[in-house]
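Encoded as structure tokens, the structure appears first; notes follow it.
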């Protein structure tokens, strides 16, 4: 009986190790930063951020020739709320000339600064991984966005890198504060500010478009609007998708189901070891 218990215990240990190793494909710790929304803010904070977001929206709607770009950004002083400069997406010149990048470069040209601690950056749309990384390297205190990547990609079928900014932000533990080499302080992300305006008056819905260069066929979880189970059968574990010809692999679902079954088996064997 003792030998059987030891054998079962060893099997449980092996399965635990397999499950843990199957859940991680990175040598780095996995962090995700919080995102704060309107209901997390005081009335004063909300009024401040809505006022500045409205400035960015107005810049988009009424800006100088060429400035009418979906992704427009504004940098302000965190103490005085003084506007330092604006930026807007100039993808026609370079695919990396996003609104946030342009705002940072414009402000650097104007002020000569290379670190942006003590400032906030406002952007009509949630920052892509490139822009969020630039914001982190630059040391901004806060970044405030209107429309989320989830909305733009999953609901509006707008081309995006499908990675939320707070996931990128969470991996900033490898950085240090610019100039003084102290521990990096995560950028605070505030989302959804005036999204009722940016979702409808700034960004467009491309799901029914047949000609737009911004059109993408989103691969999103069924939680989000507009995602149809057309290629996965009713008993399939494959994530649903919108087009039979471009149905994504079932790796995520398969991995989840395998890990779930492993967990159930481990729990069962552990019970045998303990109570036998």
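Numbering (mature numbering (1 follows the signal peptide of the UniProt record, and there is no 0)), first residue to last: -22 to -1, 1 to 254.
Ideal Cβ placement from N, Cα and C applies to all residues, glycine included.
The structure displayed is predicted, hence computed values, not measured ones.
- Taking 8 Å as the cut-off, the beta carbon of residue 13 is found no closer than this to the beta carbon of residue 30.
- Apart from the 5 residues on each side of it in sequence, residue 184 sits with its Cβ closer than 7 Å to the Cβ of 134, 135, 136, 190, 192, 193 in its chain, given in chain order.
- With a cutoff of 8 Å on beta-carbon distance, residue 93 and residue 66 are scored as not near each other.
- If you look at residue 54, you'll find it in the beta strand (DSSP E) that goes 50 to 55.
- Per DSSP, residue 167 is one residue of the beta strand (DSSP E) stretching across 166 to 168.
- In this structure, residue 127 sits near residue 104, with a CB-CB distance shorter than 8 Å.
- Going by DSSP, residue 121 is part of no alpha helix (DSSP H) but of the beta strand (DSSP E) stretching over 120 to 125.
- In this structure, 166 is the residue among 195, 19, 173, 166 with its C-alpha nearest to the C-alpha of residue 95.
- Around residue 32, the same chain offers 172 as residues with beta carbons nearer than 7 Å, after the five sequence neighbours per side are excluded.
- Annotated three-state conformation of residue 62 is strand, per DSSP.
- At a Cβ-Cβ threshold of 8 Å, residue 169 and residue 15 count as neighbours.
- Judged by DSSP in its simplified three-state form, residue 193 adopts strand.
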